[in-house]
Amino acid sequence: MISLLLLLIPLAAGLLTMFTRSDRDAKSLSLFASVLTLIVSFASLAGMFDKAQLNCNVAWLPFLGANFSLTLDGMSKMLCLLNALAFPVAFGAVYRNTYASANNFYGLMLLMQAGLMGVFLASDCLLFYFFWELALIPAYFLCSIWGGEKRIQVTFKFFIYTFIGSLLMLVGILYLYFKTPDHSFALSSFYKLKLAPSEENFAFILFFIAFAIKMPVFPFHTWQPDTYEQSPTAVTMILSGVMVKMGLYAVLRWLLPVMPNASAHFSQLIIVLSVIGMLYASLIAIRQDDMKRLIAYSSIAHIGLMSAAIFTNQQTGLQGVMIQMFNHGINVIGLWIVADAIETQLGTRKFSELGGLAYKAPVLAVLFVVLALANIALPLTNAFIGEFMMFNGLFRFSVWMAAIGGISIILAAVYTLNMIQRIFYGKTNSVTAKAIDISTGTKLMLVVLVIVVLVLGVYPQPMIQLTNDSVLTVLGKFHL
Amino acid sequence: MNSIVSLVPLFPLLGFLINGLFRKSLSKTAAGIIGSGAVLLSFIISVYLFSDIKGNEGYIVNLFDFINVASFKISFAFQVDQLSVLFLLIITGIGFLIHVYSTAYMKEEVPADFARYFAYLNLFVFSMLLLVLGANYVIMFIGWEGVGLCSYLLIGYWFSNTDYNYAAKKAFIMNRIGDLGFLLAIFWILGKLGTATYSEVFDLRNTLSETDITAITLLLFVGACGKSAQIPLYTWLPDAMAGPTPVSALIHAATMVTAGVYMIARSNVLYAMSEVSSDVVAVVGLATAILAGTIALYQNDIKKVLAYSTVSQLGFMFLALGVGAYTTGVFHVMTHAFFKALMFLGAGSVIHAMGGEQDITKMGGLYKKLPKTTWTFVIGVLAISGFPFTSGFISKDEILISVFEKSQVLYWFAVFAAVLTAAYMFRLMWLVFFGGFRGTHEQEHHLHESPAAMTIPLIILAILALVGGFVQLPEAFGGKEYFNEFLSPVVPAMSHEGSSVATTEYYMLTGTVIGLAVIYFLTRKKFAVSMFEGVYTGVKKFLADKWYIDELYDAFIVNPLNAFAGFLKSVVERSGIDGLVNGVGRFVNYSSRQVRLLQSGQVGSYILFMVLSITVFFLVFWNQDNIAHFLTNIF
């Protein structure tokens, strides 16, 4: 039931929001609904519900063997929490922004949230695919209607990329479906699949390309910086904070356990690609003059580490990925909030036009520095825990991969400190001279994120425990 | 009662939070009292711990599970033993003096910045305490990166100055390079032993192969090179002088930079097992000592001279560690902390009096107006130069003796480095405090001794620099090596061969006295009169320009990397990968336009295409089981 609530609240609120008359109503309704979802999500963590109360399973398309089944295990709880937290924070941070036909904007946002919830909850593959698309379609509209100058072109690219991925995945799903003895889309049936190596490899490729585009894994990434740059920032927050986790989550839920042998078979190739991607994206980030593009490439580099660690087949690596999915979401959303605050106030996000903001906006400066430090995984921030475990897993897989990938830690410091310096330090110029500190709403949202960053950085154990079983499930399939 | 140790880092943390969060509403007095008071409280507890631990077993205080997964468990735990308590005393003791000094030195800052400064200082002390208190390498790493961060924040404290920001960034990035080495060492240890707790690692050390030990110790040393400014990662430290002078005294002389020494002393049982690593440590240390010493000879910025001197002295410490004299290395950390903090604070007092001037060629004769600063500074110079029976004499001679027993070649190089030390320090002393004043009239008019909050720490440090070495006075001079004895439960002392040591000590004493006398007269004659007329040329210019190491790094690492990144950004990413993607898009557009023409409506051509396709299909899949098989073969 709880899982159903997580899905239905944003879905219903999204549809309802579309029919609101005034911008104010749209804003308040969506903020209210997202907070409500967050409360439900917190409740799911409390441990007072048993499985029957958490999960939901009813027949959906019985003639196809597809059920409407939602499962709320540790990994799902964590990602639903991320999803539930991301939206109110995003709404709160952009509360003062105005959007043309706000009812549609907020409505689509909530539909996207519902789609994302579904992806993280579905334990039926057809249902999973359904939600996957449900999450993507609002994103296309949000980018193409409310985006920047080049939005049409960029959304087209985004659409083609992800659509190709989706199609391949659909083929893969059907392929596996016909291989199941009982012709069922259920996760449990997929887990029982016994495939010949060639069949497994074939299916793996279909799925992996879809997920690799979503994450993204080098060289499938070029849609991402453009999309992040052109989308309205509230959408970008969700795309990078939550939606990229769809790819990672899908690998953990649908790829590794269903096709463990193929995963092991391709692991070396994928890890090498990921490590190349980490360095590649980090180097490109160093040369960016646009804050949004820098954050985008930085995010690609961080995701690269996660995709490498997933395939190490090491407990520490997987555990690191688990908690990093959450942490990365929190941190990157924080960075986008700052980018948005700067852009809406000063009309630019080019480093060459900024400088000296620490004088004008000291509170923003402090909060941003903490988030930036989390971005470079400084100890006692949340990202350190994840990166420490992921690098540890990578190290166990290959010393050299860890050492080479580790260079990205240094490069991260280079571009992140550059960013701090060029925005906040130095002297003010004609653009930044009249800047003022951020609004209370934005401040509040950033403070929430900073608190999460520090609490999980000092005491990560609850988060590790929450996802521990999910890691063991994945590994259990791997070691059969 | 054991858990009282948690209070030691807790106070500075609270100080940081209070000063940081309420910096806008706190008065300068309040911020200063909170900042200094926090460190004083930590110092008092440290003294208690010191009296408590003397001659007792060390113990571990577990706070909570930090990371606990199946393959390893890392506790947030503190290690209380002789080594960590000694460092606690140095950090909080000297740290307190520097906090007090800062209340006067920074008094012209606006209140919010003043509180920000003390917040950073407290955060630094907190991180440093974590570093030395951690009971495992991971907690050490937390403190390790924490001090790097604070160093970054404090070097860039005056953040409107772009040069300072670059210096701050450079410090952090250089440190990060070292940190990567440290991190890999931790992974190696965790991978092989499943624990990072010191006691467990050391107990299990015999299960490690020789390669493991060498790799671990070398990787740890990479970390130490970053933090303790050794070749090749030393260039950040001189630039770090951009920070306020008390920061240079605290972070870039007395505490943070000694973290590498602490790390190796802590891991001494591992280093003792690897001759290769020990040799590397010794040679790198010695090379750094000499390189930095030669550069210091021709620097004209008072803080730069002291900075290179610090790099050089750190080299001495590593030399000691490398030859196996672990306690001696730690002992030099302590004495160096006394006299280097003293001289940096003295330099601050000079800069203060000179209205911000740091060029020593524009000073001179300051002894008349700044007597306390001058005479305490002179004590510092004598101590670092190894004037008999000062603290520096005892620690440095012990290093030299240990090196002598290991290798004669290293010994003579080390003596050369020690001579360099005396030379650049005497030069500095003459130029700043004696001779005639060479600054502007206005500066001369403003010359004044600093307030008591600055001179009292100077006097305390001068006393320590003078007599602080007696805790380790060699038996040849009628002393007893209390220091070695105190550390012996954690760090074994190098055993000297009894009878010859006494003779060597006397030779050293005589040698030092003669050497210093020569240097005294040489530098006085040469430098005090005509040393900076015109510009440097030849070797002098080469040394004054720091061997062009920064330029070398720029030319061979920074610039190529930047260019490569630019190439990736504009060529590979834009034209390559994205070009390909867009090309595919265009191709699909184009071909769909062409394919559209095939839909001609003529049944004949449709049948032709059908027959052709079927033929192709059968040709391709004749012997294949299915499409799946075919496709997997492709991949």
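Listed in order, the protein sequences are those of chains C and S. Just so it is clear: in the first sequence, position 64 is 1354 by the working numbering, and no numbers are missing. Just so it is clear: in the second sequence, position 327 is 376 by the working numbering, and no numbers are missing. All C-beta atoms, glycine included, are put in the ideal place defined by N, C-alpha and C. Quick caveat, the model's predicted, so the values are computed rather than measured.
Worksheet item: Span of the beta strand (DSSP E) holding tryptophan 596 of chain S?
Response: Looking at the DSSP string, tryptophan 596 of chain S is not in any beta strand (DSSP E), and its letter there is neither H nor E.
Fill in: Cβ neighbours of lysine 529 of chain S in the same chain (closer than 6 Å, five flanking residues each side left out)
Residues of the same chain with their beta carbon placed closer than 6 Å to that of lysine 529 of chain S are lacking, with the five preceding and five following residues left out of the count.
Discussion item. Quick check on threonine 1523 of chain C: does DSSP put it in helix, strand or coil?
Written reply: The answer is helix: DSSP assigns threonine 1523 of chain C an H, G or I state.
Practice prompt. Would you list, in chain order, the members of the region 198-209 of chain S that have their beta-carbon closer than 9 Å to a beta-carbon of chain C?
Written response: Closer than 9 Å at the C-beta level to chain C, one finds these residues of the region 198-209 of chain S: Leu198, Tyr201, Leu202, Gly205, Phe208, Ser209.
Discussion item. Restricting to runs no shorter than 4 residues, where is the alpha helix (DSSP H) found entirely within the region 1341-1366 of chain C?
Written reply: Listed in chain order, they are 1341-1344.
Worksheet item: Which residues mark the beginning and the end of the beta strand (DSSP E) in which isoleucine 53 of chain S is found?
Response: Segment: none, isoleucine 53 of chain S is in no beta strand (DSSP E) and carries neither H nor E.
Item to complete: State the DSSP-derived secondary structure class of leucine 112 of chain S, mapped to helix, strand or coil.
Response: Strand, per DSSP.
Worksheet item: Can you name the start and end residues of the alpha helix (DSSP H) that alanine 1667 of chain C belongs to?
Response: Neither: alanine 1667 of chain C is in no alpha helix (DSSP H) and is coded neither H nor E.
Worksheet item: What is the DSSP secondary structure of glutamate 530 of chain S, counted as helix, strand or coil?
Response: Of the three classes helix, strand and coil, the one that applies to glutamate 530 of chain S here is strand, per DSSP.
Worksheet item: Would the region 320-331 of chain S and the region 429-443 of chain S be scored as touching if the rule is three or more Cβ pairs under 8 Å?
Response: The region 320-331 of chain S, when compared against the region 429-443 of chain S, does not touch it at the 8 Å Cβ threshold.
Fill in: Same chain only: Cβ atoms within 6 Å of phenylalanine 47 of chain S, ignoring 5 sequence neighbours per side
Outside the displayed range of chain S (50 to 684) lies residue 47 of chain S, so it cannot be described from this structure.
Discussion item. Please tell me whether isoleucine 1454 of chain C and phenylalanine 1508 of chain C are closer than 7 Å, where the distance is taken between their beta carbons.
Written reply: No, the Cβ-Cβ distance between isoleucine 1454 of chain C and phenylalanine 1508 of chain C is not below 7 Å.
Practice prompt. For threonine 1276 of chain C, return the contacting residues in chain S, with the cut-off set at a CB-CB distance below 8 Å.
Written response: Because residue 1276 of chain C is not part of the residues shown, which for chain C are 1291 to 1770, the question remains open.
Item to complete: Kindly indicate which residue of C/Ala1493, C/Ala1540, C/Ala1702 has the alpha-carbon position closest to the one of alanine 1552 of chain C.
Response: Ranking the options by Cα distance to alanine 1552 of chain C, first place goes to C/Ala1493.
Worksheet item: From asparagine 1758 of chain C to glycine 1683 of chain C, what does the alpha carbon distance come to, in whole angstroms?
Response: Answer to the nearest angstrom: the Cα atoms are 15 Å apart.
Discussion item. Quick check on DSSP: helix, strand or coil for alanine 1723 of chain C?
Written reply: Alanine 1723 of chain C falls in the coil class under three-state DSSP.
Item to complete: Following the continuous alpha helix (DSSP H) through phenylalanine 438 of chain S, name the residue where it begins and the one where it ends.
Response: Element bounds for phenylalanine 438 of chain S: n/a, residue is neither H nor E.
Worksheet item: On the three-state DSSP scale, how would you describe glutamine 521 of chain S?
Response: Residue state, collapsed to three classes: strand.
Worksheet item: Roughly how many angstroms lie between the CA atoms of alanine 593 of chain S and isoleucine 344 of chain S, to the nearest whole one?
Response: Taken atom to atom, the span from the alpha-carbon of alanine 593 of chain S to that of isoleucine 344 of chain S is near 6 Å.
Worksheet item: Helix, strand or coil: which one does DSSP assign to serine 579 of chain S?
Response: Below a pLDDT of 50, predicted positions are generally treated as unreliable, and serine 579 of chain S, at 47, falls in that range; the measurement from the model is reported next regardless. Assigned with DSSP and collapsed to three states, serine 579 of chain S falls in helix.
Item to complete: Leaving out five residues on either side along the sequence, give the residues of the same chain with a beta carbon under 6 Å from the beta carbon of leucine 56 of chain S.
Response: For leucine 56 of chain S, where only same-chain residues beyond five positions count, the Cβ hits under 6 Å are Ile94.
Worksheet item: In terms of DSSP beta bridges, what is isoleucine 123 of chain S paired with?
Response: Isoleucine 123 of chain S pairs with S/Ile116.
Discussion item. Is there a C-beta anywhere in chain C that falls below 7 Å from the one on asparagine 638 of chain S?
Written reply: Chain C contact via Cβ: absent.
Practice prompt. Look at isoleucine 1627 of chain C and alanine 1374 of chain C and say whether their C-beta atoms are less than 7 Å apart.
Written response: Cβ atoms of isoleucine 1627 of chain C and alanine 1374 of chain C: not closer than 7 Å.
Item to complete: Please list the partners that alanine 119 of chain S has in chain C, where partner means a Cβ-to-Cβ separation under 8 Å.
Response: Result: Gln1605.
Discussion item. On the criterion of 16 or more Cβ atoms from any shown chain inside 10 Å, does phenylalanine 1681 of chain C qualify as buried, or is it exposed?
Written reply: Per the 10 Å Cβ criterion, buried.
Practice prompt. Please classify lysine 218 of chain S: does DSSP put it in a helix, a strand, or coil?
Written response: Three-state DSSP puts lysine 218 of chain S in a helix.
Worksheet item: Between the C-alpha atoms of valine 372 of chain S and valine 333 of chain S, what's the straight-line distance to the nearest angstrom?
Response: A straight-line Cα-Cα distance of about 12 Å links valine 372 of chain S and valine 333 of chain S.
Fill in: Closer than 7 Å to chain S by CB, leucine 1573 of chain C
Taking Cβ atoms only, chain S reaches closer than 7 Å to leucine 1573 of chain C, which makes this a yes.
Discussion item. Between which two residues does the alpha helix (DSSP H) holding leucine 255 of chain S run?
Written reply: In the sequence as presented, leucine is not what sits at residue 255 of chain S; that position holds asparagine. Premise fails: asparagine 255 of chain S is in no alpha helix (DSSP H) and is neither H nor E.
Discussion item. Run through chain S and tell me which residues come within less than 8 Å of glycine 1696 of chain C, C-beta to C-beta.
Written reply: Per Cβ cutoff of 8 Å: Leu229, Leu232, Leu233.
Discussion item. According to DSSP, glycine 1747 of chain C sits in a beta bridge with which residue or residues?
Written reply: Residue pairing by DSSP leaves glycine 1747 of chain C without any beta bridge partner.
Worksheet entry | Closest Cα partner of asparagine 171 of chain S within the set S/Asn214, S/Leu75, S/Gly64 | It is S/Gly64.
Item to complete: Please go through the same chain and pick out, in chain order, the residues whose beta-carbon is closer than 6 Å to the beta-carbon of isoleucine 1713 of chain C, but skip the five residues on each side of it.
Response: If you ignore the 5 residues before and after isoleucine 1713 of chain C, its C-beta comes within less than 6 Å of the C-beta of Leu1644, Leu1647, all in its own chain and listed in chain order.
Fill in: Pair within 7 Å by beta-carbon distance, leucine 1294 of chain C and cysteine 1346 of chain C
Yes.
Discussion item. List, in chain order, every chain S residue whose beta-carbon is nearer than 8 Å to that of glutamine 1558 of chain C.
Written reply: The contacting residues do not exist; glutamine 1558 of chain C stays about 14 Å from chain S at best.
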